[in-house]
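Position 24 of the sequence shown, counting from 1, maps to 27 under my numbering, and the rest follow consecutively.
Below: one structure, written as structure tokens.
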Amino acid sequence: MKGKHKVVIKNNRLHYEFEIKRNITIIKGDSATGKTTLLRILYEYLRMGKQSGYAVSTNVSYYVYIRDEVGRDWKDALYPLKNTVIFIEENNEFVFTKEFASFVKKSGNYFVFVTRAPLKMLPYSIHEIYEII
4 MKGKHKVVIK
14 NNRLHYEFEI
24 KRNITIIKGD
34 SATGKTTLLR
44 ILYEYLRMGK
54 QSGYAVSTNV
64 SYYVYIRDEV
74 GRDWKDALYP
84 LKNTVIFIEE
94 NNEFVFTKEF
104 ASFVKKSGNY
114 FVFVTRAPLK
124 MLPYSIHEIY
134 EII
């Protein structure tokens with residue numbers, strides 16, 4: 004997967020806009036800055052489309068991994084994805100593992116981590132960190 008991918012998310016109260024240029028992008032912010040809201044909007048739009056009440060505009064397929072669910076492993080959900088921007092919430096412990104870091108390196112997908120914590124095991128550029136204030 005190569006190139007820049009613009010993502011615009013909005014409804015009548017919220018507007019997020021950013022460009023994903025590398026395989027690892029970080030969206031960071033303190034508590035209550037809208038990180039989880041961003042993920043929920045993306046998730047609801049995937050499930051319901053325009054009926055969700057949101058508008059999401061992007062030139063690439065995306066997937067949202069919010070939390071581990073009983074009986075679901077991150078590998079089952081993420082390994083089949085190709086040429087996809089994968090948004091991952093900070094509360095998933097697997098993102099801190101070497102196995103996951105290896106997967107990110109080899110997968111060919113783009114990853115957007117929505118987090119407060121630094122992800123020291125992943126080689127991301129400081130130029131690919133967006134901060135929600």
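Positions of the beta carbon are idealized from the N, C-alpha and C atoms, including for glycine.
As DSSP reads the structure, Phe21 sits in a beta bridge with Val10. A straight-line Cα-Cα distance of about 32 Å links Asp79 and Asn14. Contact check for Val11 against Val59 passes: the beta carbons are separated by less than 9 Å.
When C-beta atoms of the stretch 48–57 are compared with those of the stretch 89–103, fewer than three pairs fall below 8 Å, so the two segments do not count as touching.
With 16 or more other Cβ atoms inside 10 Å of its own Cβ, Lys38 counts as buried. Straight through space, the alpha carbons of Gln54 and Tyr113 are spaced by roughly 27 Å.
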